[in-house]
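Mind the numbering: the sequence shown is residues 36 to 298 in our numbering, read in order. Data block below; observations after.
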Amino acid sequence: MHEKGLPEDPPWRSWWSKATFLGSCWASLLILLCLEGAVFYLVEPRLARIDHLLLLAVGAAMVSFFFVPFVGLSLITATALTGIDLLCPRAVTSITIAVLFSIAPTLAQLLGIERNRLRTSFVKVNNALTRAQWRRIRGDRVVVLLPHCLQIDVCNRKLTTDVNNCLRCGKCPVGRLLELGDKYGLHLEVVNGGTLARRRVAAFRPSGIIAVACERDLTFGIQDVHPVPVYGVINDRPNGPCVNTCVDMDMVEEAIKFFKRPS
Ligand code: SF4
36 MHEKGLPEDP PWRSWWSKAT FLGSCWASLL ILLCLEGAVF YLVEPRLARI DHLLLLAVGA
96 AMVSFFFVPF VGLSLITATA LTGIDLLCPR AVTSITIAVL FSIAPTLAQL LGIERNRLRT
156 SFVKVNNALT RAQWRRIRGD RVVVLLPHCL QIDVCNRKLT TDVNNCLRCG KCPVGRLLEL
216 GDKYGLHLEV VNGGTLARRR VAAFRPSGII AVACERDLTF GIQDVHPVPV YGVINDRPNG
276 PCVNTCVDMD MVEEAIKFFK RPS
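Next comes the structure, spelled out in structure tokens:
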């Protein structure tokens with residue numbers, strides 16, 4: 036399915052970009068199964084000697100601990116690859132995110148997968164899940180979260196207290212993003228970290244978020260605000276991390292068009 040407002044990559048490229056993260060999650064699930072199997076093999080004789088009901092209860096708990104993330108990851112994978120919204124029931128996908136999304140980065144690191152490659156893949160998967168949910172997302176309360184490093188370092192306007200302090204002088208991307216915000220009637224915030232971002236999200240209670248940030252901040256931020264749908268746009272860092280960063284305006288506008296599509 037091709038969702039409204041956002042052009043799709045060719046299928047093979049789109050699938051490949053998500054494969055790193057999804058593959059790490061499936062490998063994590065396999066490791067979880069092996070660990071559970073080993074633990075059960077070791078404790079089973081002792082539990083059987085104590086009480087057969089206890090053995091059954093422990094066995095059932097272990098099966099559920101594997102089965103719930105298995106179902107959740109199957110739904111996430113199918114939704115991310117096909118664009119068909121299968122992300123129900125929410126509890127299952129939430130548990131999956133909590134369990135596997137914490138194991139996968141460690142596993143990827145052990146396998147020598149570069150961190151930002153995994154995070155980029157995670158953002159792509161997340162964006163695919165957000166796009167698939169387009170029927171369920173109201174476009175009337177969308178916030179755009181911008182990192183303060185988009186502001187040029189010689190500018191002394193205090194944007195984290197009020198983004199309207201920007202004079203739109205054109206020396207950095209913030210002014211042009213504010214113009215985009217005006218064009219589409221969007222609420223914009225400039226934040227200097229996860230704490231302020233969480234505070235602004237809690238205060239505004241958005242139905243959707245467009246977040247511009249580096250791979251690391253997006254990965255943590257998307258998990259922090261779950262289940263609010265986030266469309267992540269990774270920034271460009273021609274001057275190194277956290278200094279005078281840039282963003283592809285077309286990608287931001289495409290994300291805005293997705294959330295502000297006519298229903
Ligand atoms: S557009 Fe100009 S005033 Fe606004 S943040 Fe950038 S440099 Fe400062």
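A virtual CB, placed ideally from N, CA and C, is assigned to each residue, including glycine.
What I want to know is whether the C-beta of residue i ends up closer than 6 Å to one or more non-hydrogen atoms of the ligand FMN.
i, result
"Arg192", "No copy of the ligand FMN occurs in the structure displayed; its ligands are the ligand SF4 alone."
Compare the C-alpha of residue i against each of the options and name the closest.
i, options, result
"Thr195", "Leu185, Val225 and Ala290", "Val225"
"Leu180", "Arg170, Asp197 and Leu135", "Asp197"
"Ile148", "His87, Tyr266 and Phe56", "Phe56"
"Asn274", "Cys60, Cys184 and Phe101", "Cys184"
"Ser242", "Arg173, Gly267 and Leu223", "Arg173"
"Lys53", "Ile130, Ala95, Leu153 and Phe102", "Leu153"
"Cys254", "Val236, Ala290, Leu231 and Asn161", "The question names Cys, yet the displayed sequence has Thr at residue 254. When each option's Cα is compared against that of Thr254, the closest is Asn161."
"Ala143", "Ile245, Trp61 and Asn270", "Trp61"
"Leu67", "Ile138, Ile111, Ala92 and Leu77", "Ile138"
My understanding is that residue i touches residue j, with C-beta atoms under 8 Å, so please give their C-beta distance in whole angstroms.
i, j, result
"Gly229", "Gly205", "Incorrect: roughly 29 Å between the Cβ atoms, too far for contact."
"Gly118", "Ala163", "7 Å"
"Met175", "Val278", "Sequence check: residue 175 is Asp here, not Met. Going by Cβ atoms, the distance from Asp175 to Val278 rounds to 35 Å, so no, they are not a contact pair."
"Ile130", "Val103", "5 Å"
Can you give the Cα-Cα distance for residue i and residue j, rounded to whole angstroms?
i, j, result
"Ala248", "Pro182", "6 Å"
"Arg272", "Glu250", "11 Å"
"Gln168", "Arg234", "25 Å"
"His261", "Leu116", "20 Å"
"Ser156", "Leu145", "17 Å"
"Cys201", "Arg192", "6 Å"
"Val265", "Thr114", "15 Å"
"Glu214", "Leu135", "39 Å"
"Val282", "Ala133", "30 Å"
"Glu17", "Val263", "The structure shown has nothing for residue 17, since the chain only spans 36 to 298."
"Leu301", "Val268", "Look at the range of the chain in this structure, 36 to 298, and you will see that residue 301 is not part of it."
Any chance the CB of residue i is under 6 Å from a heavy atom of the ligand SF4?
i, result
"Gly216", "no"
"Cys201", "yes"
"Val209", "yes"
"Cys60", "no"
"Gln186", "yes"
"Cys277", "no"
"Cys204", "yes"
What residue range is occupied by the uninterrupted beta strand (DSSP E) comprising residue i?
i, result
"Gly275", "From DSSP, Gly275 is part of no beta strand (DSSP E); its letter is neither H nor E."
"Glu224", "His222 to Val226"
"Ile269", "Val265 to Ile269"
I need the boundaries of the alpha helix (DSSP H) containing residue i, first residue and last residue.
i, result
"Pro182", "From DSSP, Pro182 is part of no alpha helix (DSSP H) but of the beta strand (DSSP E) over Val177 to Pro182."
"Ile257", "Glu250 to Val260"
"Ile119", "That residue, Ile119, is in no alpha helix (DSSP H); it is neither H nor E in DSSP."
"Leu212", "Pro208 to Tyr219"
"Val158", "Arg150 to Ala167"
"Asp8", "What the structure shows of the chain is the stretch from 36 to 298, and residue 8 is not part of that stretch, so it cannot be assessed."
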